[in-house]
Amino acid sequence: MKRFFSWLSTVLVLVAMLVPNTSFAENRSNSSTSDSKTAASPYNKRIVAYYPEWGIYAGHNNYTPAKIPWSKITHLNYAFADINLTTGTIDYFDKYAATEALMDGATWGSPDAGTLGSIRKHKKQYPHVKTMISIGGWSRSAGFHDVAKTPEARAKFSKSVVDFIRQWQFDGVDIDWEYPGFKRDPDKVDNPNDLGTPKADDTEKETFTLLLKDLREALTKAGQEDGKYYELTAAVGCGLDKIAKTEPDKYAQYLDFINVMTYDIHGAWENKTGHHSPLFPNPKEPYEEFVKVNYNTAQAMKNFEKFGISKDKLIVGSPFYSRGWGQVKNDGPIPELPGLFASTVPESVKGIWDGGRNAGNNPYYHIKEVLEKDPAFKKYYDPVAKAPYLYSESKQQMFTYEDPTSLQEKVNFVNQNGYGGIIVWEVTGDPKEELISVIANGFKSGTTPTEYGAISLEVAKQSYSFTPEITFNGATYNVAFGQKKLVEQVPTGTYAITAKPFEDTTYKYSPIIKPATVHVAKGQTHPVTIEYKQEPKDPTDPDPSKVQAKVEFQITSQWDNGYNFNLIITNTGKTPITNWTLQFDYTGQLTSVWDATLTPGQNNYTVKPPSWATEIAPGKSYTIGGAGSGKASVPTNYKINGSPITGTS
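For the record, in the sequence shown the residue sitting at position 144 is 144 according to UniProt numbering, with numbers rising by one throughout.
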């Protein structure tokens, strides 16, 4: 049986320059910045913090860019740039805050004035942080319809974006279009600046993809001219209704990673209390089955995986603010968790971050320093959903939020499942850095590097050898060349670049070079991507009597009398597994599954997939979530379509 995968190493061909310390990740070439400096990230996952432009005002305690926990993040997303509805170009939302307001030591006329100037200054002090301009947001997504509509409009908008990031020295762009295909009137009651999305229609399913495609092409061209790589990301809704109006299987190829907003899952618009950002579903939730199954963090991430998106490209969301309700009745279905899944009245309690509508929106620091210390409130923790909340029976109020315990569960979830990191909305809610520190501590690089054989590059018949240090962190690979001299004093000219194959005790690696030739001149930097195909040195034929598959049984959460689990079926063969049924022995009690049908037997179970998941392609997996009661056991004797399988774990 032959196994195939690739990892991407990126080599910078530098003329008359050294490579002092180069780190590469995200399966993407990543050249040095315009001042020829590069910095290795101290983290093995992405920590993406949104910083709101309005953070400098009193409502957010005058939180200027100097207060950002720069050392604890990998990406800073500046929220938000606007779209000029007249010109179809990127624009400032609050130009005074962005370019003129004095803060962090800036003086009148200083290039460091404004939030953008201050961020540009601090970026130089923390070169490992990538700064991104985030465009749109909930209240300012109206302009996306027109700028995405035609090739001409997309080209004009893309050019303006490139000009903007060059001016302010951003490392990339984040598109926060909320939401393609969803028409919404402006809500001037909640926010006088809200534009709604009055032109939204079904054409946006395709034009959203086309906008990302054209932006990617424009950023790539600009990066080639500037000698650096510009990232492109998107913030997307986690609900199936939002996913259905876009094309994740098509647009993902244009993005470096996808910020999945796994929060605002339940909130003040509903007449039942619920969790703001649950990690797992609670079987006692009072919602219809479709909502119970799909509207939680774990299932949302799996829903994106079904489109063939790699896990390391998917970023989990964490809210640094609360949602809440008033007039809450203590009539929920779980006696030990009063106020949860209980009857309430929408928009019935005001938070200090609310606009004109009551949403119970409080920053984490207010929850921590005020509400948690209020004797009228008691803090509860849902051990199934992995989510905290505050409830006051006397005040009839309930607030759902993220705390260090629930956030640690998310960090563990990301690490254990190979997702790409965590985004936070937004950083001003955590001025004491209590929450962001949980993420930073959980994603610190500390894995011992795994050394592979020496890779040789031949540039114009001159050979240069080096041994990269490769650290495997989930599905993300960091390739560091340390203090090695890769290329030194190469004359101007066009060069063919080759990489020799190599092997270890188990596998052989064959290189694919992109591009195969480069024209170099003194002072230029050229990214070259080397993709290695991995194959066993001694392939053997599979046992024809067994199905080439692996099944993993994972306990995702557990409590006194029950647990949630995942069954992950992976096709390890060369041909699709079709019309499949999974059978296994199990001495425990399984009560339900999601995205499948469960049939119990005598100490055994049969699982059948839904009609849309009856085929598992080679190298792909299908994940079934479920719940059990009592003590968890270990499944044995897995069979697919009546035949044994080759592997379990």
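The beta-carbon is built from N, C-alpha and C at its ideal position, and this holds for glycine as well.
Keep in mind it's a predicted model, so treat the numbers as computed, not measured.
query                                                                                              : result
Own chain, CB closer than 6 Å to A385, minus 5 neighbours either side, in chain order              : H275, P278, F280, N282
Given 8 Å, three or more beta-carbon pairs between the region 350-370 and the region 311-330       : yes
Delimiting residues of the beta strand (DSSP E) encompassing F290                                  : Careful: F290 lies outside any beta strand (DSSP E), inside the alpha helix (DSSP H) at 289-294.
Range of the contiguous beta strand (DSSP E) that encloses N415                                    : N415 -> not in any beta strand (DSSP E); alpha helix (DSSP H) instead, spanning 404-417.
8 Å Cβ cutoff met for A549 and T570                                                                : yes
Proximity winner among A268, D214, C238, E347, relative to Q253 (alpha-carbon distances)           : D214
Same chain, Cβ closer than 6 Å to K45, neighbours up to 5 away in sequence not counted             : G421, F443
Cβ pair A429, A359 closer than 8 Å                                                                 : At residue 429 the sequence reads Gly, which differs from the Ala that was named. No, the Cβ-Cβ distance between G429 and A359 is not below 8 Å.
For P52, the residue or residues it bridges with in DSSP                                           : A79
Touch test, the region 556-574 against the region 626-643, Cβ-Cβ under 8 Å, three pairs minimum    : yes
Beta-carbon gap between V260 and F304 smaller than 8 Å                                             : yes
Endpoints, alpha helix (DSSP H) assigned at V438                                                   : 434-442
Selection from G109, R184, G647 that minimises the alpha carbon distance to G573                   : G647
Inter-stretch contact at 8 Å, needing at least 3 Cβ pairs: the region 431-445 / the region 389-408 : yes
Rounded separation between G105 and G332 - CA only                                                 : 52 Å
Exposure of V634, with buried meaning 16 or more beta-carbon neighbours within 10 Å                : exposed
Host beta strand (DSSP E) of V208 (start-end)                                                      : Val is not the amino acid found at residue 208; the sequence shown has Phe there. Where F208 is concerned, there is no enclosing beta strand (DSSP E), although the alpha helix (DSSP H) it sits in stretches over 204-226.
Three-state secondary structure assigned by DSSP to R140                                           : coil
Under 8 Å between C-beta atoms of Y43 and N77                                                      : no
DSSP three-state assignment for Y365, whether helix, strand or coil                                : helix
Helix, strand or coil at M301 according to DSSP, with G and I counted as helix                     : helix
C-alpha distance - E206 paired with L371, whole-angstrom precision                                 : 45 Å
Same chain, Cβ closer than 8 Å to A376, neighbours up to 5 away in sequence not counted            : S392, S394, K395
Top-ranked residue by Cα proximity to D187, from G355, S445, L582                                  : G355
Straight-line Cα distance separating T233 from K123                                                : 19 Å
Assumed close pair L116, T99 - CB separation to whole angstroms, cut-off 8 Å                       : 6 Å
Among V414, D256, I512, Y126, the one whose alpha carbon lies nearest that of E217                 : D256
Bridge-paired residues (DSSP) for P600                                                             : Y605
Reduced DSSP category for T400 - H, G, I as helix; E, B as strand; rest coil                       : strand
Between the CA atoms of V427 and T599 - distance to the nearest angstrom                           : 47 Å
G474 versus D185 - alpha carbon distance                                                           : Because G474 carries a pLDDT of 32, less than 50, the predicted location of this residue cannot be relied on, and the following value inherits that uncertainty. Straight-line Cα distance between these residues: approximately 42 Å.
Cα-Cα separation, I352 to A235                                                                     : 25 Å
Range of the contiguous beta strand (DSSP E) that encloses T636                                    : 636-640
Sub-8 Å separation of A81 and I133 beta-carbons                                                    : yes
V129 versus I243, T86, I47, V414, residue with shortest Cα-Cα distance                             : I47
Backbone secondary structure at Q489 - three-state DSSP                                            : For Q489, the predicted model reports a pLDDT of 42, less than 50, meaning its position is unreliable; a value from the coordinates is still stated below. It is coil, neither helix nor strand.
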